[in-house]
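Chemist: One structure coming up, written as structure tokens, with questions to follow.
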Amino acid sequence: MRVLIAGGGTGGHIYPAIAIAKAIIRHKPETEILFIGTKKGLESQLVPKEGFKLETITVSGFNRKLSFGIFKTLADLQRGLKESRGIIDRFEPDVVVGTGGYVCGPVLFIASLKHIPTIIHEQNVMPGATNRILSHFVDKIAISFDQSAQYFNVPTGKVEITGNPVRREIIDAKPQPSRKSLGFSADKPVIAIIGGSRGAERINQMAVGLIDWVIKRRKPYQVLLSTGNAQYEAVLNGIKSKNIDLAANRHIKVLPYIYDMGEALAAADLVVSRAGAIALAEITARGLPSILIPSPNVVNNHQEYNARMLEKEGAALVMLEQDVTPEAFIRTVGQLLEDKERLKNMADNSRALGITDADERIYDMVNRLVSSKHLP
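Residue numbering for the sequence shown follows full-length UniProt numbering, beginning at 1 and increasing consecutively.
Set out below in structure tokens:
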């Protein structure tokens, strides 16, 4: 079997693509897999690092404001279509999978014109523009949330809920060994505050206030804060300005980046996070209650759509960055941790939303499509 996977730009599109590729190889080690991305996207680093081949095409995003940039975008699209056709003709895939990002547009479009089986995977509740356009051309649409189906104007049988692939180490991590590894005690609740690899300045500011409150009010809580590399020093300075000595408060861990997310989530009783699709897939796979603060700096406000879905299902509380105050944040955290029954209900609802075999479901979809292609 020969599988072509297109996706890129951000980790939210690339990590699911890599997880799908690994699932295919796990079942069919002889499969040839080729990724298509762009030179500027994160895929140019991540895909080769995982041992997969990557070829790149020329593509750029559409600016929603009318400008002369549209001419460059159209020229890039024409070039990208030609490059995609060349790669597809040379590789001769049995199936083409797209996981989002502008790079998927020309690749999946050309594949559909050539009657090659095609699948797109949508990570967010609100589909991106590329996937909404491609939905009319591809054979199958894999969605991560039930609510996404309403945004695709296609026959019902074309859409299947698969969930968002989650790394095995996140699902398999154990709470007590994780707490021990992080230096936390086994009997006090852990609040994990995760702002992403680049950090979230507003979340970090509120986290500093929460740490101050936990220490000075002698609250029986432990805090794990991932600041993001760029904001680590600023956060440490903010903590020092409140006359807090982290070395003397071992129940507070401040890190620039969390390399073992499985360990961090396994140790946690409550998570404070942005609402990216990957983060929510990991949180729900672990069955964790959460306070979600969606990033306001994303296309189509898709993080708020993601967060509101969890809130509607009783798995999370949503606090908007532009509205939340440090006082309201601290009050919400405190009330949640003191209300054990509510916290348990949120955890149960989160677990009910979690899908731990998304990669297997997508592999099954790929296998069915390829098998149907070879039927007489």
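Idealized CB from N, CA, C, for every residue including glycine. No experiment lies behind these values; they were computed from the predicted model shown.
List the DSSP bridge partners of Ala192.
Modeler: Leu224 and Val271, per the DSSP bridge assignment.
Chemist: Are the CB atoms of Gly105 and Gly80 nearer to each other than 9 Å?
Modeler: With respect to the 9 Å criterion, Gly105 and Gly80 are classified as neighbours on the basis of their beta carbons.
Chemist: Return helix, strand or coil for Phe329, following the three-state DSSP convention.
Modeler: helix
Chemist: Taking only three categories from DSSP, how would you classify His302?
Modeler: helix
Chemist: So the beta strand (DSSP E) Arg351 belongs to, where does it begin and stop?
Modeler: From DSSP, Arg351 is part of no beta strand (DSSP E) but of the alpha helix (DSSP H) over Lys340 to Leu353.
Chemist: Taking the alpha-carbon of Ile283 as reference, which of Lys240, Ser350 and Pro296 has the nearest alpha-carbon?
Modeler: Ser350
Chemist: Compute the Euclidean distance between the alpha carbons of Ile217 and Asn301, then round it to the nearest angstrom.
Modeler: Correcting the residue type first, residue 217 is Arg in the shown sequence and not Ile. Cα atoms of Arg217 and Asn301: separation of roughly 36 Å, rounded to the nearest angstrom.
Chemist: Would you list, in sequence order, the uninterrupted beta strand (DSSP E) runs of no fewer than 3 residues that lie entirely inside the stretch 273-298?
Modeler: 290-292
Chemist: Got a sec, what are the start and stop residues for the alpha helix (DSSP H) Ala13 sits in?
Modeler: Looking at the sequence itself, residue 13 is His, so the reference to Ala does not match. Secondary structure note for His13: its alpha helix (DSSP H) is the uninterrupted segment Gly11 to His27.
Chemist: Could you have a look at residue 378 and say whether DSSP puts it in helix, strand or coil?
Modeler: An answer regarding residue 378 cannot be provided, because it is not within the stretch 1 to 376 covered by the chain.
Chemist: How would you call Val299, buried or exposed, if buried means at least 16 neighbouring beta carbons within 10 angstroms?
Modeler: Taking a 10 Å sphere around the C-beta of Val299, we find fewer than 16 other C-beta atoms and assign the residue as exposed.
Chemist: Express the C-alpha separation of Ile14 and residue 383 in angstroms, rounding to a whole number.
Modeler: Lying before the first or after the last residue shown, residue 383 is absent from the chain, which here runs from 1 to 376.
Chemist: So which of Met206, Thr99, Met126 and Asp357 has the shortest CA-CA distance to Arg331?
Modeler: Minimum Cα distance to Arg331 is reached at Met206.
Chemist: My understanding is that Ser84 touches Ile119, with C-beta atoms under 8 Å, so please give their C-beta distance in whole angstroms.
Modeler: Not really, about 16 Å apart at Cβ, beyond 8 Å.
Chemist: Assess, as a yes-or-no matter, whether the stretch 340-356 is touched by the stretch 283-296 under the definition of 3 or more beta carbon pairs within less than 8 Å.
Modeler: yes
Chemist: Measure the CB-CB distance between Ile244 and Ile211 and report whether it falls below 9 Å.
Modeler: For Ile244 and Ile211, yes; Cβs fall inside 9 Å.
Chemist: I'd like to know whether the C-beta atoms of Tyr102 and Gly9 end up nearer to each other than 9 Å.
Modeler: yes
Chemist: Considering only the beta carbon of each residue, do Ser226 and Tyr257 sit closer than 9 Å?
Modeler: yes
Chemist: Expressed to the nearest angstrom, what Euclidean distance is found between the alpha-carbon atoms of Gln176 and Ser112?
Modeler: 49 Å
Chemist: Using the beta-carbon count (16 or more within 10 Å), is Ser144 buried or exposed?
Modeler: buried
Chemist: Can you tell which of Leu54, Gly199, Ser197 and Lys180 has its C-alpha closest to the C-alpha of Val190?
Modeler: Lys180
Chemist: Alpha carbon to alpha carbon, what distance is there between Trp213 and Leu320?
Modeler: Straight-line Cα distance between these residues: approximately 21 Å.
Chemist: Taking the alpha carbon of Leu337 as the reference point, which residue from Pro117, Lys49 and Tyr221 has its own alpha carbon closest?
Modeler: Tyr221
Chemist: Kindly indicate which three-state DSSP category Arg2 falls into: helix, strand or coil?
Modeler: strand
Chemist: Put Pro376 into one of helix, strand or coil per three-state DSSP.
Modeler: At Pro376 the pLDDT is 48, less than 50, meaning the model places this residue with poor confidence and gives no usable figure here.
Chemist: Can you tell me whether Thr156 is helix, strand or coil according to DSSP?
Modeler: helix
Chemist: Are the stretch 18-28 and the stretch 38-52 in contact at 8 Å, needing three or more beta carbon pairs?
Modeler: The stretch 18-28 makes contact with the stretch 38-52, as at least three CB pairs between them are under 8 Å.
Chemist: Quick one: is Ala17 buried, meaning 16 or more other Cβ sit within 10 Å of its Cβ, or exposed?
Modeler: Result: buried.
Chemist: Over what stretch of residues does the alpha helix (DSSP H) that includes Ala149 continue unbroken?
Modeler: Unbroken run through Ala149: none, as it is neither H nor E.
Chemist: Residue range of the alpha helix (DSSP H) that Leu134 falls in?
Modeler: Ala129 to Leu134
Chemist: Quick one: residues in its chain with C-beta nearer than 6 Å to the C-beta of Tyr305, no 5 flanking neighbours on either side, listed in chain order?
Modeler: Val125 and Met126
Chemist: Hey, how far is the Cα of Met1 from the Cα of Ile33?
Modeler: 8 Å
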